[in-house]
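By the UniProt record's numbering, the letter at position 15 of the sequence shown is numbered 15, and the numbering carries on one by one without gaps. Using N, Cα and C, we set each Cβ at its ideal position, and we do this for glycine too.
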Amino acid sequence: MCVEEQVARIAWFYYHDGLTQSEISERLGLTRLKVSRLLEKGRQCGIIRGQIHSRGEGCLVFEY
Numbered sequence: 001m002c003v004e005e006q007v008a009r010i011a012w013f014y015y016h017d018g019l020t021q022s023e024i025s026e027r028l029g030l031t032r033l034k035v036s037r038l039l040e041k042g043r044q045c046g047i048i049r050g051q052i053h054s055r056g057e058g059c060l061v062f063e064y
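Structural data, given as structure tokens:
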């Protein structure tokens, strides 16, 4: 599995399924630190992007 696929899988577990980094690390046989670093890499590379849909979204500042 390439890094991009691994990042996408981890992001799905984290953001869609609501798993913790520890739960993901156990499921995939990675360290929690590796999971954390791959999530950060995904954000930096644009694989992971955040969206907020809310009436008050113009009043919010969104930062990773």
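Exercise. How long is the line joining the alpha carbons of Q6 and Q51, rounded to whole angstroms?
Worked result: 21 Å
Exercise. Curious, which full-length alpha helix (DSSP H) runs of at least 4 residues does the UniProt domain "RNA polymerase sigma-70 region 4" (14-44) contain?
Worked result: 21-28
Exercise. What are the boundary residues of the alpha helix (DSSP H) that includes R49?
Worked result: Premise fails: R49 is in no alpha helix (DSSP H) and is neither H nor E.
For this session: Would you kindly check if the distance between the Cβ of L30 and the Cβ of Y14 is under 8 Å?
Result: no
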